[in-house]
Every structure is written in C-alpha cells, then in structure tokens.
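Each protein sequence line maps, in turn, to chains A and B.
The numbering used here applies: residue 4 is where the first sequence begins, and numbers increase by one.
The numbering used here applies: residue 869 is where the second sequence begins, and numbers increase by one.
C-beta atoms are modelled at their ideal positions from N, C-alpha and C, and glycine is treated no differently.
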Amino acid sequence: MVSLRASFAIVRNMSKIRIGNNTSFRLGFRVMLVMFAALTTLTLSSCDKFQPGIGYNRGYAPEQPIPFDHSLHVSQNKIQCQYCHNQVERSRDSNIPALSTCMNCHLTVKTDSPWIQKVRDAYDKKKSIEWVKVHMLPDHVQFNHSAHIARGVNCQTCHGPVETMQRIFQFSDLSMGWCVNCHRQPENKAPLNCSTCHN
Amino acid sequence: MSDTHQHDHDHDHEHDHSADASSASVPAPTLRDPRYWLSLEDWAKDPEFQKMAEKEFMSSPLQESDGEDGWARREFLKLMGASLAMASAGCIRRPVQKIVPYNKQPEEVTFTVPNLYTSTYFDGSEALGLLVSTREGRPLKIEGNPKHPLNKGATSVRAQAHILSLYDPERIKGPQRNLLNKAKTNRDTISAKWDDVDDATVKQLNKGGVVVLSGAINSPATRAVIGDFCQAFGAKHVTWEPLAHEEIRHGQKASYGEALVPFYRFDKAKVIVSIGADFLGTWMMPTTYTRQFSAGRKDIEKMNKLVVFDPHYSLTGANADVRIRIKPSQQISVVMGLAHEIVVKKGFGRFAGNASVKAALEPFAGVVSQLKMEPALFVKLAEDLIANKGKSLVVAGGLPTLTAQAQELQIAVNFLNSVLENDGETIESKNSLPGLTASYSEMADLIDSLNKGTVKTVIIHRTNPLYSLPPSFGFKDALKKADLVLYTGDRNDETGLQSDYLIPDHHPLENWGDAEIGRGLFSIHQPTIRPMYDTRSFELSLMTWGYLAKKGPKRLQEFETFYDYLRQFWKTDIQPKAGKGKSFDDFWDEALQDGVVGTQASGSSSRTFKTEALSSVKPVQSQGFELVLHPTVAMGDGSLANVAWLHELPDPVTKICWDNYVSVSIATAEALKLKEGMLLELTVNGVTKELPTHIQPGLHDDVLAVAVGYGRTQAGKVANGVGVNSYEMVGVKKGQAIYAGAFVEVKNTHKKYLLANPQGHHTMEGRQIVVEATLKEYLKNPSAGQHKHHIFSIWSGHAYNGHKWAMSVDLNSCTGCNACVVACQSENNIPVVGKKYVIQGREMYWIRVDRYYVGDPANAQAVFQPLMCQHCDNAPCESVCPVAATVHSDEGLNDMIYNRCVGTRYCANNCPYKVRRFNWFNFAKLIEKPMHLALNPDVTVRVRGVMEKCSFCVHRIKAGKTKANLEKRELVDGEIKTACQQVCPTDAIVFGDVNNPKSQVAQMFKDKRGYALLEEFHAAPNVRYQAKIRNNDQEGTAHDNKGSHS
C-alpha cells in the first residue's frame, strides 16, 4: 500500500513537469518505468495469504492492541453479543463497547492480566483503545445494522462463528454480490433498489 | 450531440404548429413562448444567449484550463490509466482504519442517530426557534422548531448557514492582544491569556467612563447581565445595528406617544400595502412574516392581496399582486396620496372632517399623476382599503425607506393605518418586539462622548461598526480616543483591528442563552457543542469583571458560569411571567424540551393618533438619480459574510451571486450606454465607488439600487474582496443614516466586468413551465392558464405496489425565499464552486428556485419556481445511461448511484429539466478542516467525475422507514419530510406517498391547479406543481399575448 501511495505521489509530482519540456518529460517517463517495476514486485511479494480475491478482505485478521478473545467471552462465559454491542438494535453502526463496559466486569475479573491492566490504565486516564477496524465497507455503502437485526438476521449470518474466534477475522467477503445474494432470496423480502445501500 | 436532441424536443413540442414543425433545423427564436423570460438577454432574443441556450452545457472539459499544473489533462489520464492497471494486478488492502470507542459511553449518544436540541437564532432583527440536529456531539444541521409559535419549523437562509461560521477555520482560537501604535494602527497581534486580559480590564474599568456597545440584544438574561454590569461600573449600554428599526420607533412615538416596534399580523390582513418594506425578504422578521403572508393565501377564494410600491426590485415586490415601481422620494407621496384619496375624496374615517388633517393632505392631491400607475388602479386600491378596514395593513420600513424623511413616512403610514382602523387589529402594539432597540442616534451620542473624552473603555459585542457604520459618522477616529477597546468578535476583523484586546465570545451554537421573541414569549438558547476553542461567553466576561472588582449586584458576582446565572434569572424573572404553578425544575425541563414558553401578549387596541404629527409631513422634491441601498436575502447586514453558502446563493430576484452590483432600469441603461456587467462609477455624498451594472427589469428609471453587506476587508478568505462596501455611500443627517434617496452622479467607465448569474444556465425553452392565472380567471375555471396535452403511451408502465414517493410544489405559496436551497445544500453536502465556475455553469445545487419575469420588461412581474429532480416514472436520463448508474426504484425514486457512474453526462444531456449536476472537480477535497465536521454522514460525499442530483432525501426516507420498522408500526403520512419541505416557511412543498390516498401529497395531486412540467413528453414526473394565482382584479393575465401554449 505504501508503495502505491508513493507511486501516486510521484505521478502527482510529475504532473507538475510541463509536457512541452522534452528533457523533463523523458526523465519523468524513466522515473515512472522504474516505479512501475518496483510497484509490481512490491505488491506481488506483500500479498496477504488470506486474501483470495482482488480487493476483498475475507480472512483479514489484523493484530489488535489487546488480544480480545471472542470465544472466551461468548462461548465460555456466555455473554450475549448485545451486552457489549448494545446499540446494534438502534443504530446503523454496531458500536465497539466503551471502556466503561469492559470495566463493568474487569474491575474485579482477571485484574492481574497485563492486558486488562492496559485497559484499566486507559480507562483511568480517560483515554481509549485504538482497535483496528476489521469489517470495512466502502464510503459509498450505507449499511444499517438495526434494520437487519429487526428482520431477525443473526449476527453470525454475516460475521461468522464469532463465538469460536480467538482473534476476530472477516468471515464474509462483504462484496456487493454477497449482499445482493441474500437480498434476492424471495423469502427475505428485502429491497433491491440501488438506493437501499447507496445514496 | 446536444443539437440533435434539442431538435427532437422542439419537434415534439411543435405538434400543433404545422407551419413551423417542418423547418426544425434551427430552433428559431420565434418559437419560444414570449410571455415568460429569464433575463433581458432572453427577452431580447440576444444571439449570444440563444447560442448559450442551445449549447445547454456551457463548457466542455477540453476547454479546461484549470489544472494547476498546466499538464494536458488527457495525457495525464492516459498515464494514470496505465499505472492503475498495473497496480490493480496485485492485491491491495485499504489503509488500516482505527476504531476508538468512548471511555464512558454518554447516555444520550446513539451512533448515527441524531439528537435534536432546541435553540434560538437571532440575527439582530429576527429570532427563530431552532432544532439543531447533532451527531456524536457535533451540530450538523439547523432546522426550525415546529413547536415555535412564530416560525413553526421554518428557518431562514442565514439561520441555517450560521452553522458554517461555527466551523470557520479562520475563527481565532483564544484571546488576542493587538499591539496598537501611537496612531492606533495595528502593529502586531499576539496571543493573550484570559487572566491578563481580566487584570488589565478591571484596572481600566475602575477608572470609569465605560460603555458597552452591542448589537440589538433580545436575550433578557444577557440584558440583565449587561444591566448589572452597568450598575456595577456606572457604565452605559448602547445598542446599534446597521439594519435598525429606529425610524419605526420614532414614527410610533410621534404618532402615538410611545416608541416601540409593533408586531404586524399579515395573516389577518386581506389587503396589504407595502412601501419599501421587504417583509418577505429582508425586513424585520421575514420568516415569520412569510409564514403569516402565505397563510393568508392558502384559501385561494379568500386570498389576500399584496400591493407593493417598490423602490428597488425586492422579493416582496416580486410576490406582489400589483407592483408599482417608485423612487424613494415618492414614498411619502404614495402614502399621503392614498390618505388623501381615502380621507378627503371619499370622506372615510374619523378624520374626514378634520381641517388640519385636510390641510396636511391637500398638497398630495394629485400625486398619482407622478406615479407610474394608472389612476384608476390607485382609486381601486383606496376603495379596497376602505372595504377592508380593520383587515388591511400598510407597512413601510427598512433601508430603502431611510431617506431624510424616514420618520415622516412612518407618521404617514401610522396615520393611514389609524384611518383604516388597523391599529389594534393587524398592528399589535401591546405585542411589541422588545429586542429591536438598536439606534443610530445613540451611536451618534456615543461618538460625541468619545470625542469629548468622557468615554475611556469601550466593550464592543456582536456588532462590527468599523465595517457597517458609515464612515461619515466618524466612529473610527473617535474610537482611537478611548483608552481600552475590547472586542468580543470571533476574528480580527475591521473592528477587531482597532481593539486592544480580542476576547472571543462563544459561537451562538456553543453558548447558553435565551430570547424574548415577543412580549411574553420566551425561547431558550441551548449550546449544541462544547466550545471548540479557548473562548469565553461575553456574559461570563462581564460577570468575571464584576467578581474581580467586587462590584455590582450579588448575582453578577456569585455565579461561576453564565448557565447558572441564566437558570437563576429564569427562576426569578421568567417563571413568574410564563410558568406559574409548577416547580422550577419542571418549568426548566419543559423550556428545554419545547424550546419556547409563554404566550404572546394580547389585548392590543386602537391608539389615538396625534394629528399634529401630520403637519411635519411635506412633499419631497427630487431630481436626478436616487440611490437605494438595500440588504439582500442571503447576506443581510454582511456579518456572516465569510460563509460561502451565502455568497453562492443566487439573489432571489436578480439571480446574481458572488457580487454586489448597481441595478439600473432598462431605459437608464440605454441612456447611459450601459451593458450588463459594465462598471459604473457612482458618486454620492462625496464618495465614489465603481460597481458592475445589472440591468434590472421593473426598476424605476431614476433609481440606482446597490446591496449592502459586501466588500468586507477583514472577514476571511471567502468574504474579503467580494463586492463593494456600499455602507460607505451612506450619508448622515442629524445622527440618522440616509440609505435611500441621496442624489447620485454617475459615469459610465465602459470597463467590462463579469457577473456570475446562474439563471439562464438552465433555460427551459419556453414551454409550459410556470402556469399562472388571475383570481378572476381561477374563480371561473380552477385550471385556468393551463394547456392540457393529450398523453398516450404504448406500454402500461410499472406497477408501484408499496410506497410511491412524490412531491407537490404550490407556486401560489412559494415566495422564492431560497431557504430550501440552503437546506438542501446543508443536508446533502453540496459543494460551493465559486464565482468562476458559476460563470461556467458548474453550480451544484440540487434544488434551485427559478425566477421568471413576466410581461413588459420596463414593469416586469416575477414568478418563482423551485425545481429539483422530477423523479420521472419514464425518466429520460435512465434510458441513456450506458452503465445503469441511474435507475428506478420500486418506490418511484430515480436513484443515482455514484459508485457506478463513469461520468458520461449523457443523463444530464437527456434530462429535460436540467437538474443533474456533474462534479467537475473534487470539490469536497477543498473543504478545509474543521469545516468537514458540517458534512452530513448520511449522504455520500461525491468525488470528481460523477453525476449527482436530488434524491428526494432518500436517506431520510430510509431513516423514517427504519424507525417505523423498529417501532413495529406503519409509516405515518408527514413523518418523512425532505430537507426543502421542512424548512419552507410557506409549506409550498409537500412530500409523501401518493399510493396512500389519505396522504397530503395525494390530496394535492388532485388539485385542479396542478400540472406537471412538460407533461406532453410523458416523462411522467413525480413532482406536480400548482399554478400561481394573482389577485390583481384583471380578467386575464396582463401579459397574455398568446404564446405557443395558451
């Protein structure tokens, strides 16, 4: 990614070179060739092994600042999804719980863990934790969690077996085809207008 | 491309013109409906305008010279294409994004669900109840408070746009000190600390000679703080506004004995006569008065009648049933002439036998001959007024009436209202507006005291006299004699530069407050965001100084915040008036919940008119050109000039944006050999200014009209250098500012200047676009004025089984105030493109208000028509899109899918309504931080190269449906409101589901006045318009000269 950004930057800088000026144009062209070669090598070598398709991120499982374990919380301790993600029924976005939610239990539970201490430190200092976003939709997609929950769609339908995930990963590819596939099923009676998701 | 389709349209259109139909190779100018025209170029069939109209799209990308680099854009694209192809061969992970949850979840915040707070906006003259929509702690959009008894959910252009002034990147971030040298010019500005400011100030305050100079203040609590402060330090409070209503207070005092600004009831008036008072646009309380006025026109059979004697082409004049152009010196003649007609000739009213009244009126016996109107019309008007005694209203006021005889004009108007028994009926003196105390004479006194050296400290709050006070008052030099000047403005502007300390007040959206909107009606002003910078509320500054000096009443010293003071003040002062019989906490919660408490005072009755006042009213002599200065709907007094929305908003009447200009009549332009945009040199009161010319149909030949509010020099990047500061042309006489009637010398410089005028960019080729009829026609035939087409289709169309969204726009209600345009801009993240691109036809508005002139250019009338995407069932745009980026939804919406659009612009070419906009540039990227906080997260921000257009606020439809779904109930009609509908003060726009026969929109669709635009093409729009009805006593429209569709 870094290389791609750099290449854009170079292209942008190149645009400042006047095309009428022969020397600088040739120079620019050479820079570009070198750049393309570098870009190709870089992008091919840095490919994430979990990524099957172009542009989709199924399997994306970034390391989080705190190794929060969903399987431990959900399967073992039987905590409901909505205990933490409590706005999912009311909001378009499902919320990442506030630190105060964590501290509801962790004021007393597992206080000796260095990770919990990290959370507690942040909580006491009125700071927060910067989680890495896993499920990303493009900016032009307007997804509404509450509407889906209201229709009785399970969290697992899209997010997969979260209760077994030690580190959260992207289960579905979240492509438009994947969305539409579900909306098309007659029994779901889901709208298929473009403006259902895009506006 | 555009030529071909143009001909097709004309061919279709000419189905009933056998002679012309065959020769459709060039659309001959004669084919166009000559009745309605957009601009003088259009009317005169100017060849250049014809060319532009045929071209439709004013510029192609090949003419683009805007790449900052000068590198040929197409070459660049080729190379970019290559690099992208290479890049996408690999796998690319988007940049890592972080989610930062709250430390503690605030109870009231649900992500993506807006919280609404009641608040108030006061622009120096009008106070509006607001609902401020906030998301995750930041205000996003300003809407009207539906529970508010005056504006009832509507807001004005500036009330909505003042959200951008909150996020203005040029606000100062904390207190500053200007190092003034001996000549009191600013040497340098350094940052200061509040403690140091307070120390220096208290030391100085103790020396006495303190004046608080502020704009009009309608907050009782702020007035109380200032009162306490004045008591503590022996200070004086002076209020001044450029748009003061002092002439009304003076006139009331001379006529009835008490200086007040009465509350007018346009809703109760059947005949309204306005002399220069632009009550629908800029005068006093335009939003409230527009609501009242349109309420009197909803029942068409009993609709009111508006007669306007217009010294410039005002918005009120544009809405008049009968509009008569006058010059400022004729204003008194008009009123006294009417009075003569009514009292002397008809012998009507209680003053009919009064000899002194008769003597005062006698000089005005033959005034009608000087007016550009038929004498019979004048007599008819007098008869109408007599017939509607107690139910009519004569108003005058505002800058265009501020001649040297402004007070005499008010006396004449008061006399006429007293004769017609309107006082106490349509004029409520018991219900006077308490906030409007601004006064030029107090300002003149302050300048005197400054010059005498008795004033040592001046605290300037919410007013900018060094910009908007005419320099001839001599305030600048006088202010230099003060020892300490403190200014609470949010930037180092014209006044700021002359101040020792800038002590920035909170933005109104960051501050607590209240407002007394009418007698007994109190509105709360809640903050909607924590102060963004190191600012301090003006009230708290005064309180702090009282506390530090240990002076003043206890309540000034004891509270740590203004909020505490306000609460206490409401407990002791407001609750006894407006909330008796409940606990204060309940009362307070109710005030916050509803935004407004109390009721307006009633019991206004007729007062005795002092006839001796009439003796001062004498005819006015005049010669040559007369200057008329006037505020505009967008800019007002110019205090919000750094808000780009306001600059780009076209003037409702002239449609020009990004400039002020001098309006001249057609005959004057011919006499002076002026062309549109040519620079004209005006010399008035010894000041010479060069302004571009706008040739204005329907203007009096002796009038030169110029807008105030432009020509800022220190307001910021947006405002500086836009237009000319016309306040400098204002004269002074006996401490009063003379805004109108001054003699102007003119000189044509023959220099050219380009004015940005988006009207005409979207010409509709003169088909049946606006329909109007006179009341008499309408009473005979409710569908008068319409040409119905035989429409047939060879297919049955789609079925819409669920909702079908549709909109109805009542042209008879719409006054063209443009509030909808700004509402849409705010709601839908519509970019501002700047003057250069407006000239190239690249403005981005999703809704526009077209203004058509009607009839004789010298005396043209106007019609307004809001135009947005018509969401056609058979949408012509959809069939031409090669990538299906614009398609129909099963609820009748014409969806625009930005991420699919590749920017062919075929759709815009094929749209008969010209409502599609193309993003030529990444306008959104130019939004400077923190301005991006005003973007609505529910609406995609568009990138370069895609089309966009009105979506019927589809995100609001979705939000409404989801809400109903979550609450497990059916949608209620009226629950979903589009942004333009919500803000409309006339309720001209109705939106809803036509498949629900009980919905308001379905009812409106059955109205006999209804028609759709270009019905004959059978695009089947989901927007229907209702014809405008003009109550002008004529059988047919005055301008009916048999156009192609009559």
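- Query: Would A:I99 count as contacting chain B if we go by Cβ distances under 8 Å?
  - Reply: Cβ-Cβ to chain B under 8 Å: yes for A:I99.
- DSSP on A:N196, reduced to helix/strand/coil? Of the three classes helix, strand and coil, the one that applies to A:N196 here is coil, per DSSP.
- Message: For a contact defined as C-beta to C-beta under 8 Å, what are the partners of B:K966 on chain A?
- Response: For B:K966, the chain A residues whose Cβ falls inside 8 Å of its Cβ are E133, W134, V135 and K136, in order along the chain.
- Query: In three-state DSSP terms, what is B:T1479?
  - Reply: The answer is helix: DSSP assigns B:T1479 an H, G or I state.
- Interface partners of A:S175 on chain B, CB under 8 Å: Residues of chain B passing the Cβ test: none, with the nearest at roughly 16 Å.
- Taking Cβ positions only, does B:S1819 come closer than 8 Å to chain A? Chain A, which has a Cβ nearer than 8 Å to the Cβ of B:S1819, makes this yes.
- Of all the beta strand (DSSP E) runs that stay within the bounds of the region 1662–1736 of chain B, which reach a length of 3 or more residues? The region 1662–1736 of chain B contains these whole beta strand (DSSP E) runs: 1673–1678, 1716–1722 and 1729–1735.
- In three-state terms, what does DSSP make of B:T1322? Here B:T1322 sits in coil by DSSP.
- Distance between beta carbons of B:T1403 and B:P1372, contact taken as under 8 Å: With a Cβ gap of about 4 Å, B:P1372 and B:T1403 count as contacting.
- Show which residues of chain A have a CB atom less than 7 Å away from the CB atom of B:S1001. Under the 7 Å cutoff, chain A gives no residues; its nearest Cβ is about 15 Å from B:S1001.
- Task: Please decide whether A:D142 counts as near chain B, where near means a Cβ-Cβ distance under 8 Å.
- Result: Nearest CB-CB separation between A:D142 and chain B: below the 8 Å threshold.
- Against chain B: residues of the region 95–121 of chain A by CB proximity under 8 Å: R95, D96, N98, I99, P100, A101, L102, S103 and T104: these are the residues of the region 95–121 of chain A whose beta carbon lies less than 8 Å from some beta carbon of chain B, given in chain order.
- Query: Hey, does A:A193 have any beta-carbon neighbour from chain B nearer than 8 Å?
  - Reply: No, its Cβ sits nowhere closer than 8 Å to a Cβ of chain B.
- Opposing strand residues paired with B:A1573 [DSSP bridges]: Under the DSSP definition of a beta bridge, B:A1573 partners with B:V1496 and B:S1531.
- Message: Mapping the DSSP letters down to three states, classify A:K2 as helix, strand or coil.
- Response: As displayed, chain A neither begins before 4 nor continues past 202, which places residue 2 of chain A out of reach and without an answer.
- Query: Around the Cβ of A:A40, are there at least 16 other Cβ atoms within 10 angstroms (buried) or fewer (exposed)?
  - Reply: Because the pLDDT at A:A40 is just 46, under 50, the model does not fix this residue reliably, and the point stays unresolved.
- Task: Compute the Euclidean distance between the alpha carbons of B:N1282 and B:G1217, then round it to the nearest angstrom.
- Result: Rounded to the nearest angstrom, the two C-alpha atoms are 14 Å apart.
- Can you tell me which of the three DSSP states B:G1579 falls into? Coil, per DSSP.
- Straight-line gap, B:R941 to B:V1748 (C-alpha atoms, nearest Å): At B:R941, the pLDDT of 47 sits below 50, so the modelled position is not reliable and the matter cannot be decided from this model.
- Three-state secondary structure (DSSP) of B:I1795: If DSSP states are grouped into helix, strand and coil, B:I1795 belongs with coil.
- Query: Which stretch, first to last residue, makes up the beta strand (DSSP E) that contains B:P1563?
  - Reply: Correcting the residue type first, residue 1563 of chain B is Ile in the shown sequence and not Pro. B:I1563: member of the beta strand (DSSP E) spanning V1555 to I1563, first to last residue.
- Message: For B:M1152, tell me which candidate among B:K1615, B:G992 and B:I1844 has the shortest Cα-Cα distance.
- Response: Of B:K1615, B:G992 and B:I1844, the residue nearest in Cα terms is B:G992.
- Are B:L906 and B:H1180 touching if we call contact CB-CB under 8 Å? Contact flag unset, no.
- Which residues of chain B have a Cβ atom closer than 8 Å to the Cβ of A:R93, listed in chain order? Neighbours of A:R93 across chain B, judged by C-beta separation under 8 Å: T978, V981 and L1834.
- Where do the N-terminal and C-terminal ends of the alpha helix (DSSP H) with A:R93 fall, by residue? No alpha helix (DSSP H) contains A:R93, which DSSP labels as neither H nor E.
- Residues of the region 151–167 of chain A with Cβ closer than 7 Å to any Cβ of chain B, in chain order: Per Cβ criterion, the list reads A153.
- Task: Return the first residue and the last residue of the beta strand (DSSP E) that B:P1487 is part of.
- Result: Per DSSP, B:P1487 belongs to no beta strand (DSSP E) and is neither H nor E.
- Message: Using CA atoms only, rank isn't needed, just tell me which of B:D1569, B:W1438, B:H1562 and B:V1530 is closest to B:F1493.
- Response: With distances taken between Cα atoms, B:F1493 lies closest to B:D1569.
- So what does DSSP say about A:W134, is it helix, strand or coil? DSSP places A:W134 in strand when its eight states are reduced to three.
- What do you reckon, are the CB atoms on B:D1527 and B:P1110 nearer than 8 Å? No, the pair does not count as a contact, with Cβ atoms beyond the cut-off.
- A:M168 (DSSP reduced to helix, strand or coil): In the displayed model, A:M168 falls within coil according to three-state DSSP, outside both helix and strand.
- Counting contacts by CB-CB distance shorter than 8 Å, is A:P65 in contact with chain C? The chain labelled as chain C is not found among the protein chains of the depicted structure, namely A and B.
- Identify which residue in B:A1573, B:E1596 and B:V1700 has its Cα closest to the Cα of B:G1579. For the residues B:A1573, B:E1596 and B:V1700, the minimum Cα distance to B:G1579 belongs to B:E1596.
- Message: Quick check on B:K946: buried or exposed, where buried means 16 or more other Cβ atoms within 10 Å of its Cβ?
- Response: Residue placement at B:K946 is poorly supported in this model, since its pLDDT is 49, which falls under 50; the coordinates still yield a value, given next. Answer is exposed; the Cβ neighbour count stays below 16.
- Task: May I ask you to verify whether the region 1480–1496 of chain B touches the region 1301–1313 of chain B, counting CB pairs closer than 8 Å and requiring at least 3?
- Result: No, they do not touch.
- Query: Do you know offhand how far B:K1648's Cα is from B:Y1720's?
  - Reply: Using only the alpha carbons, I get a separation of about 25 Å.
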